[in-house]
Amino acid sequence: MRQIIIVLFVCTLTFCKKQDSINNHNFSEVHIEDIYKDSISVRAIDIYNDTLLGFGFNKGYGFIHLKTNEISLVDLEEIKSTEDRKNWVAEQRAVSFANNSFFTLGIGAPARLRKVDLKNKEEHLVYTETHDKIFYDAMTFWNDNEGIAMGDPTEDCLSIIITRDEGETWKKVSCNDLPKTKEGEAAFAASNGNIAIVGDKTWIVSGGIKSRVFYSPNKGKTWQVFKTPIIQGSTTSGAYSVDFYDENNGIIYGGDYTKPYANNANKAITKNGGRTWELIADGSGAGYKSCVRYIPRGGGKEIVAVGFTGISISNDAGKNWKEISKEGFYTLRFINDSIAIAAGKGRIARLNFK
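Numbering follows this note's numbering, with no gaps: position 285 of the sequence shown is 285.
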């Protein structure tokens with residue numbers, strides 16, 4: 001009898017702990033507080049220890065201390081080639097923090113990846129790549145040592161570079177070790193949201209003529225690719241962003257930015273780790289969005305999507321959506337389960353969900 005009581009007590013504690021980790025917020029509105037406004041365009045942000053925001057913008061990168069709102073910007077001058085023609089776009093659309101460093105990657109050729117020491121703000125180049133087709137879209141880290149960035153194909157596969165030494169060196173994955181892309185398949189550098197990571201597992205979304213999900217179970221060592229029902233078939237259609245709540249439950253969101261209010265086949269979920277996808281709110285709810293994120297501690301039910309058309313929220317795993325603001329943003333990251341940072345054209349803001 002004593003053993004039975006102990007087992008029941010342990011099970012009860014386990015259940016209570018699991019329940020406490022989930023909070024049914026049921027948010028229905030948002031308060032937006034601008035923390036920086038200027039003539040910049042921001043599509044890539046990341047948050048370090050809930051106190052420092054790092055971001056890439058159309059001319060460089062910057063930081064905002066989230067407690068004091070103190071800001072610092074680094075403008076990157078455009079470089080010209082020996083033929084006196086512009087060959088490098090300084091726009092930074094892929095950023096990430098890892099191990100007391102900030103990483104920022106330019107979209108154009110040559111693509112340049114910088115590692116910035118957070119203590120002294122000194123930077124050095126850790127990767128450079130030159131190719132007429134190069135265009136990097138997103139970056140993130142599995143842990144302090146290992147990270148990944150992805151971009152459009154330069155050959156017949158996605159461009160994927162990986163570091164295993166705290167970002168000091170990066171190596172491009174051979175197309176021999178990656179699934180082949182289809183003609184017209186690429187990705188969108190819309191929100192630094194093309195990559196999702198849970199533990200060792202990684203998902204990358206493509207878009208365009210084909211929009212699929214590329215999956216690695218082992219931090220980029222091997223890869224598979226899965227079909228999606230998301231809208232595709234044109235250079236502006238497909239999945240623009242992906243997020244996973246856990247290793248099984250994920251969402252892809254996109255559409256066609258040239259048809260921002262069309263809401264057919266623009267959002268889909270998976271319950272089996274990305275192997276199969278099911279359309280949600282097909283023909284209803286929000287249209288095109290460039291970034292989607294699960295609300296922390298929302299049990300995988302609560303989701304926020306942002307785009308230049310506004311902010312929408314779902315409290316039932318994407319079945320129904322409510323527009324809670326018409327103010328436009330390109331990207332969003334949560335600090336905790338009720339506060340997020342969003343950025344877009346000319347502004348960076350703190351979003352308080354209520």
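Idealized CB from N, CA, C, for every residue including glycine.
Given the structure is predicted, the values throughout are model-derived calculations rather than measurements.
(request) Note down the Cα distance separating residue 247 from residue 106, rounded to an integer number of angstroms. (result) Taking the sequence shown and counting its residues from 1, one reaches residue 247 at position 247. Taking the sequence shown and counting its residues from 1, one reaches residue 106 at position 106. Approximately 30 Å, taken between the alpha carbons.
(request) Indicate whether the contact test is met: 3 or more Cβ pairs, each with one atom in the region 159–174 and one in the region 25–38, closer than 8 Å. (result) No, the region 159–174 is not in contact with the region 25–38.
(request) Alpha carbon to alpha carbon, how far is residue 236 from residue 185? Give it in angstroms, no decimals. (result) The residue labelled residue 185 in the question sits at position 185 within the sequence shown. The residue labelled residue 236 in the question sits at position 236 within the sequence shown. Taking the straight line from one Cα to the other gives about 11 Å.
(request) Using 10 angstroms around the beta-carbon of residue 46, count the other beta-carbons present and answer buried if the total reaches 16, otherwise exposed. (result) Against the sequence shown, residue 46 aligns to sequence position 46. Burial call: buried.
(request) Run through the region 189–235 for me and flag every whole beta strand (DSSP E) of 3 or more residues, listed as ranges in chain order. (result) The region 189–235 contains these whole beta strand (DSSP E) runs: 195–198, 201–205, 212–216, 224–227.
(request) Please specify which runs of the beta strand (DSSP E), each continuous and at least 3 residues long, are wholly inside the region 286–329, giving them in chain order. (result) Inside the region 286–329, DSSP marks whole beta strand (DSSP E) runs of 3 or more residues at positions 291–294, 303–307, 310–314, 322–325, from first to last along the chain.
(message) Output needed for residue 320: all residues of its chain with C-beta closer than 7 Å, excluding positions within five of it in sequence on either side, in chain order.
(response) Along the sequence shown, one-based indexing puts residue 320 at 320. The answer, listed in chain order, is 281, 285, 314.
(message) From the DSSP secondary-structure annotation, give me the bridge partner or partners of residue 245.
(response) As a first step, residue 245 must be located in the sequence shown, where it is residue number 245. DSSP output for residue 245 lists no bridge partner at all.
(request) Drop a sphere of 10 angstroms on the beta-carbon of residue 283, count the other beta-carbons inside from all chains shown, and report buried for 16 or more, exposed for fewer. (result) In the sequence shown, the residue the question calls residue 283 occupies position 283. Classification for residue 283: exposed.
(request) Confirm, please, whether the CB-CB distance from residue 207 to residue 188 is below 8 Å. (result) Here the question's residue 188 lines up with position 188 in the sequence shown. Here the question's residue 207 lines up with position 207 in the sequence shown. Yes.
(request) Please report how far the alpha carbon of residue 72 lies from the alpha carbon of residue 135, in whole angstroms. (result) Residue mapping note: residue 72 aligns to position 72 of the sequence shown, counting from 1. Residue mapping note: residue 135 aligns to position 135 of the sequence shown, counting from 1. Residue 72 and residue 135: Cα-Cα distance of roughly 26 Å.
(request) Answer yes if the region 231–245 comes into contact with the region 191–200, meaning at least three C-beta pairs across the two stretches below 8 Å, and no otherwise. (result) Because the criterion of three Cβ pairs below 8 Å is met, the region 191–200 and the region 231–245 touch.
(message) At the level of alpha carbons, what is the spacing between residue 131 and residue 153?
(response) Residue numbering aside, residue 131 sits at position 131 when the sequence shown is read from its first letter. Residue numbering aside, residue 153 sits at position 153 when the sequence shown is read from its first letter. Each residue's Cα considered, the two are about 10 Å apart.
(request) Would you decide whether residue 137 is buried or exposed? Buried here means 16 or more other CB atoms lie within 10 Å of its CB. (result) In the sequence shown, residue 137 corresponds to position 137, counting from 1. With 16 or more Cβ atoms within 10 Å of its Cβ, residue 137 is classed as buried.
(message) Only counting the same chain, and skipping five residues up and downstream in sequence, which positions put a Cβ closer than 7 Å to that of residue 228?
(response) Within the sequence shown, numbered from 1, the residue matching residue 228 stands at position 228. Excluding residues within five positions, the ones whose Cβ falls inside 7 Å are 211, 212, 213, 239, 252, 268, 277.
(request) Locate the beta strand (DSSP E) running through residue 167, then write down its first and last residues. (result) Sequence index remark: in the sequence shown, residue 167 carries index 167 (1-based). DSSP places residue 167 outside any beta strand (DSSP E), giving it a letter other than H or E.
(request) Specify the secondary structure class of residue 352 as computed by DSSP and reduced to three states. (result) Residue 352 sits at position 352 when you count from the first residue of the sequence shown. In the structure shown, residue 352 sits in a strand (DSSP, three-state: E or B).
(request) With a threshold of 16 other CB atoms inside 10 Å of the CB of residue 261, please say whether the residue is buried or exposed. (result) Position 261 of the sequence shown, counting from 1, holds the residue named residue 261. That one is exposed.
(message) Is the separation between the beta-carbon of residue 115 and that of residue 97 shorter than 8 Å?
(response) Taking the first residue of the sequence shown as 1, we reach residue 115 at position 115. Taking the first residue of the sequence shown as 1, we reach residue 97 at position 97. If you check the CB distance, residue 115 and residue 97 do not come in under 8 Å.
(message) Nearest by alpha-carbon distance to residue 70: which of 36, 60, 99 is it?
(response) Sequence index remark: in the sequence shown, residue 70 carries index 70 (1-based). The shortest C-alpha separation from residue 70 is found at 36.
(message) For residue 61, which residues in the same chain have their Cβ closer than 6 Å to its Cβ, ignoring the five residues on either side in sequence?
(response) Position 61 of the sequence shown holds residue 61. Answer for residue 61: 74, 92, 104, listed in chain order.
(message) Short of 6 Å in beta carbon distance, which residues of its chain neighbour residue 294, apart from the five on each side in sequence? Order them along the chain.
(response) Along the sequence shown, one-based indexing puts residue 294 at 294. The beta carbon of residue 294 sits closer than 6 Å to those of 243, 245, 303, all from its chain and outside the five residues before and after it, given in chain order.
(request) Pick helix, strand or coil for residue 46, following the three-state DSSP scheme. (result) On the sequence shown, position 46 is the one that residue 46 refers to. In the three-state reduction of the DSSP assignment, residue 46 falls in the strand class.
(request) Within its chain, find whatever has a CB closer than 7 Å to the CB of residue 140; leave out the 5 residues flanking it on each side and keep chain order. (result) In the sequence shown, counting from the first residue as 1, residue 140 sits at position 140. Only 96, 147, 148, 195, 197 meet the Cβ criterion.
(request) For residue 120, count neighbouring Cβ atoms within 10 angstroms of its own Cβ and tell me buried if that reaches 16, exposed if not. (result) As a working note, residue 120 is residue 120 in the sequence shown. So residue 120 counts as exposed.
(request) Determine the extent of the beta strand (DSSP E) in which residue 331 is found, giving its start and end residues. (result) Counting from one through the sequence shown, the residue named residue 331 turns up at place 331. For residue 331, the enclosing beta strand (DSSP E) has its first and last residue at 331–334.
(request) Between the Cα of residue 145 and those of 100, 123, 58, spot the shortest distance and give me the residue it belongs to. (result) As a first step, residue 145 is located in the sequence shown; it is residue number 145 there, counting from the start. For the options 100, 123, 58, the alpha carbon positioned closest to that of residue 145 is the one of 100.
(message) Spatial neighbours of residue 111 within its chain, please: C-beta separation below 6 Å, excluding the five flanking residues on both sides.
(response) For the purposes of this step, residue 111 is identified with residue 111 of the sequence shown, where counting begins at 1. Annotation for residue 111: 129, 134, 136 place their beta carbon closer than 6 Å to its own, counting only its chain and skipping 5 residues before and after.
(request) May I have the straight-line CA-CA distance separating residue 258 from residue 290, to the nearest angstrom? (result) Here residue 258 refers to the residue found at position 258 when the sequence shown is read from its first residue. Here residue 290 refers to the residue found at position 290 when the sequence shown is read from its first residue. Distance between the alpha carbons of residue 258 and residue 290 is about 12 Å.
(request) State the beta-bridge partners of residue 180 as determined by DSSP. (result) Your numbering for residue 180 matches position 180 in the sequence shown. Answer is none; residue 180 lacks a bridge partner.
(message) For residue 180, tell me which candidate among 56, 76, 215, 352 has the shortest Cα-Cα distance.
(response) Here the question's residue 180 lines up with position 180 in the sequence shown. Relative to residue 180, the option among 56, 76, 215, 352 whose CA is nearest is 215.
(message) At the level of alpha carbons, what is the spacing between residue 80 and residue 59?
(response) Your numbering for residue 80 matches position 80 in the sequence shown. Your numbering for residue 59 matches position 59 in the sequence shown. Residue confidence is low: residue 80 scores 49 on pLDDT, short of 50, so the model does not pin down where it sits. No coordinate-derived value is stated.
(message) Please report the distance separating the alpha-carbon of residue 230 from that of residue 279.
(response) Within the sequence shown, the letter at position 230 stands for residue 230. Within the sequence shown, the letter at position 279 stands for residue 279. Counting only the Cα atoms, residue 279 lies some 7 Å from residue 230.
(message) For residue 301 and residue 335, I'd like the C-alpha separation in whole angstroms.
(response) Looking up residue 301 in the sequence shown gives position 301. Looking up residue 335 in the sequence shown gives position 335. Those two C-alpha atoms are separated by around 18 Å.
(message) Assuming residue 338 is part of the beta strand (DSSP E), what are its boundary residues?
(response) Along the sequence shown, read from residue 1 onward, the residue named residue 338 stands at position 338. Unbroken run through residue 338: none, as it is neither H nor E.
(request) Tell me, please, which residues DSSP counts as bridged to residue 32. (result) Mapped onto the sequence shown, residue 32 falls at position 32. DSSP, once it has assigned bridges, lists 351 as partnering residue 32.
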